[in-house]
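Below is one structure, written out as structure tokens; the observations come after it.
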Amino acid sequence: MCNSTPSPLPEYIYKILPSSPAPPVPLPISLPLSALDAQDNFMHFSTSSQLLGTLRNFFSSEAQVYILRVPYERVAKFVLWEDTKGKGPDESSGRWDVEGSRGFFPHVYANAGPGTGDRGLKLGRDEVESVGMWKKAGEMWSPKGWPFGEDVPKE
154 MCNSTPSPLP EYIYKILPSS PAPPVPLPIS LPLSALDAQD NFMHFSTSSQ
204 LLGTLRNFFS SEAQVYILRV PYERVAKFVL WEDTKGKGPD ESSGRWDVEG
254 SRGFFPHVYA NAGPGTGDRG LKLGRDEVES VGMWKKAGEM WSPKGWPFGE
304 DVPKE
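Residue 154 is where the sequence shown starts when you use my numbering, and the numbers rise one by one after that.
Here's what the structure looks like:
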């Protein structure tokens with residue numbers, strides 16, 4: 154697995170949550186880990202240019218999702234930018250982007266302080282700037298309905 158920090162760095166990275174259960178309002182100090190994050194021992198994030206591919210490959214059956222918008226600077230020191238080339242989809246950090254066209258993905262490692270988080274990982278009100286609900290437009294995910302004003306995902 155390669156590690157390559159992009160330039161320029163993104164202003165935001167995004168965590169996708171399924172439609173159910175909805176994230177609590179207000180967000181707690183730490184949300185529960187997804188099964189995939191717990192399995193891989195890091196939290197999977199996407200940049201805006203990676204979101205549509207992630208949605209189409211992992212959330213295709215969802216009619217809507219919640220997007221957690223995280224300012225990159227809040228988690229930067231815990232992020233490894235990783236390419237999962239050579240991995241199968243069921244392996245840790247499994248690769249679905251077989252052409253490598255989506256670039257390196259931001260993975261957050263061991264960011265929880267003592268007594269917080271789950272397995273050393275924490276994502277909650279201190280990291281997340283805002284939460285948006287994104288509804289699928291028709292049969293496939295598209296930029297339509299993006300819940301934030303800027304950083305619109307591109308095809």
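Don't be surprised by glycine CBs; every beta carbon is placed ideally from N, CA and C.
For this session: Give every residue of the same chain whose Cβ lies closer than 6 angstroms to the Cβ of Val251, excluding the five residues on either side of it in the sequence, and list them in chain order.
Result: Confidence at Val251 is low in this model, with a pLDDT of 48, below 50, so the placement of that residue should be treated as unreliable; the coordinate-derived value is given next. For Val251, where only same-chain residues beyond five positions count, there are no Cβ hits under 6 angstroms.
Problem set entry | Anticipated Cβ contact below 8 angstroms, Glu282 with Leu205, distance rounded | So it is not a contact: roughly 21 angstroms between Cβ atoms.
Exercise. Do Asp279 and Ser201 have their C-beta atoms within less than 8 angstroms of each other?
Worked result: The beta carbons of Asp279 and Ser201 sit no closer together than 8 angstroms.
Exercise. Around the C-beta of Val261, are 16 or more other C-beta atoms found within 10 angstroms, so that it is buried, or is it exposed?
Worked result: buried
For this session: Give every residue of the same chain whose Cβ lies closer than 6 angstroms to the Cβ of Thr158, excluding the five residues on either side of it in the sequence, and list them in chain order.
Result: Trp234
Exercise. How would you call Lys297, buried or exposed, if buried means at least 16 neighbouring beta carbons within 10 angstroms?
Worked result: exposed
Problem set entry | Contact belief for Pro176 with Glu215 at Cβ below 8 angstroms, rounded distance in angstroms | That pair is no contact at about 14 angstroms.
Exercise. How is the beta strand (DSSP E) around Gly206 delimited, first residue to last?
Worked result: Where Gly206 is concerned, there is no enclosing beta strand (DSSP E), although the alpha helix (DSSP H) it sits in stretches over Ser201 to Phe211.
For this session: Kindly indicate which residue of Pro185, Leu221 and Val284 has the alpha-carbon position closest to the one of Lys275.
Result: Pro185
For this session: Take Trp287 and list the residues in its own chain whose beta-carbon comes closer than 6 angstroms to its own, dropping the five residues that flank it on each side.
Result: Val218, Ile220, Gly298 and Pro300
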